[in-house]
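These notes concern the structure reproduced below.
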């Protein structure tokens, strides 16, 4: 709740926003249109607009390891040269490896390069001024999935009718080192007949994997790696309406409204609580804007932003089951062990004076070799917290 006022700061990073879209009206309007029939299209137009010749040429190059390596290396060198020429920081630059001399290249590579050099389009080569429009690859561009991941939960839905819509949603999270910036964490596709709860429940998050604390009487005994907290609570804010988890007085929507009562009235527009909970609110009942970030809070203080990228009707090539689909997941960044600096840490050691920091991430072999202090007084206050294994929602 401390960052609820900063939602407007994120809106400048997305957009432009669309007009308000009533999903039910959209589906009804699309179903009233005349269905598209491929056989009714002029085949001459299809042939004229075909790009099969370009497709086959590209496939021939990429399927040849020697040609593909040359093209990729040439592209990387060109982009690096453009960035280095535009860099005025004066920092010492690492020497780049150049391409071999043409006379030393394989005849296939030489023939391909001559063909590329013969392209007469002025926009074909990269110019030095292109640096303003190029960026390096980002971590959030990675995707471990080669095809959509089907949902395996009990609430997974199958397509019952082709006359419903598919909503594509991208999930963002705050950067820990810059709270006013956001990075993409995953992307999903849900059916309009599914609930808002079905959508948020499929979002992978490290907060969902926090182990549950165990106690012996009133004394803390450690963590249970096999269970997580039940009824964690969640709330989504869409167009001034709070959709809570339906847990009565403990509903997160009620907690948000209670927190807002303690803030100045002129800080935020008035919010209202939806009469339906997340799990009883169909996506088709919503009215929302594309490219606008909607606030999502769960697990106490874990914040995300949901951005609806696309609303479209089902296509015959879409999967028939397993919704919500997971289209992309940014691989989680793992902390390396502070002991060996070679493998990811699995323990977070708190309060151990033998280590240089607290908490200190360690791998299992390093923590095992280090051992528990023999001095009972030194052992007091030391806590070994297991780090999330990134299993729920991450693996294909």
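Numbering (this note's numbering), first residue to last: 328 to 723.
The beta-carbon is built from N, C-alpha and C at its ideal position, and this holds for glycine as well.
What span of residues does the beta strand (DSSP E) with residue i cover, start to end?
{"i": "residue 710", "result": "710 to 713"}
{"i": "residue 540", "result": "538 to 543"}
{"i": "residue 498", "result": "492 to 502"}
{"i": "residue 507", "result": "505 to 518"}
{"i": "residue 436", "result": "Not the beta strand (DSSP E): residue 436 falls in the alpha helix (DSSP H), residues 434 to 444."}
{"i": "residue 383", "result": "No beta strand (DSSP E) contains residue 383, which is instead part of the alpha helix (DSSP H) from 379 to 389."}
{"i": "residue 624", "result": "620 to 625"}
{"i": "residue 569", "result": "568 to 570"}
{"i": "residue 562", "result": "561 to 565"}
Look at the Cβ atom of residue i, then the Cβ atom of residue j, and state whether they are nearer than 8 Å.
{"i": "residue 499", "j": "residue 483", "result": "no"}
{"i": "residue 517", "j": "residue 713", "result": "no"}
{"i": "residue 676", "j": "residue 692", "result": "no"}
{"i": "residue 514", "j": "residue 541", "result": "no"}
{"i": "residue 523", "j": "residue 610", "result": "yes"}
{"i": "residue 573", "j": "residue 604", "result": "yes"}
{"i": "residue 579", "j": "residue 526", "result": "no"}
{"i": "residue 370", "j": "residue 530", "result": "no"}
{"i": "residue 678", "j": "residue 710", "result": "yes"}
{"i": "residue 528", "j": "residue 601", "result": "no"}
{"i": "residue 648", "j": "residue 492", "result": "no"}
{"i": "residue 575", "j": "residue 562", "result": "no"}
{"i": "residue 395", "j": "residue 404", "result": "no"}
{"i": "residue 436", "j": "residue 505", "result": "no"}
{"i": "residue 397", "j": "residue 439", "result": "yes"}
{"i": "residue 458", "j": "residue 402", "result": "no"}
{"i": "residue 626", "j": "residue 559", "result": "yes"}
{"i": "residue 376", "j": "residue 532", "result": "no"}
{"i": "residue 661", "j": "residue 646", "result": "no"}
{"i": "residue 519", "j": "residue 350", "result": "yes"}
{"i": "residue 641", "j": "residue 489", "result": "yes"}
Below 8 Å on the Cβ atoms is my guess for residue i versus residue j; work out the distance and round it to an integer in Å.
{"i": "residue 663", "j": "residue 674", "result": "Contact flag wrong, Cβ pair sits at about 13 Å."}
{"i": "residue 406", "j": "residue 494", "result": "In fact, because the Cβ distance is near 35 Å, the residues do not count as touching under 8 Å."}
{"i": "residue 566", "j": "residue 718", "result": "About 35 Å separates the two Cβ atoms, so there is no contact after all."}
{"i": "residue 599", "j": "residue 569", "result": "7 Å"}
I'd like the span of the alpha helix (DSSP H) that includes residue i, first residue to last.
{"i": "residue 579", "result": "579 to 588"}
{"i": "residue 303", "result": "Nothing about residue 303 can be reported from this structure: the residues present for the chain run from 328 to 723 only."}
{"i": "residue 343", "result": "Note, residue 343: premise wrong, no alpha helix (DSSP H); not H, not E."}
{"i": "residue 406", "result": "392 to 413"}
{"i": "residue 372", "result": "370 to 375"}
{"i": "residue 525", "result": "523 to 528"}
Open item on the list: Check whether the segment 616 to 625 and the segment 342 to 357 are in contact - that is, three or more C-beta pairs closer than 8 Å.
Closed with: yes
Task: Any 3 or more C-beta pairs closer than 8 Å across the segment 644 to 660 and the segment 455 to 474 - done: yes
Open item on the list: Count Cβ pairs between the segment 631 to 648 and the segment 608 to 617 that sit closer than 8 Å; are there 3 or more?
Closed with: yes
Task: Uninterrupted beta strand (DSSP E) stretches inside the segment 634 to 691 (no shorter than 3 residues) - done: 652 to 656, 674 to 677 and 687 to 689
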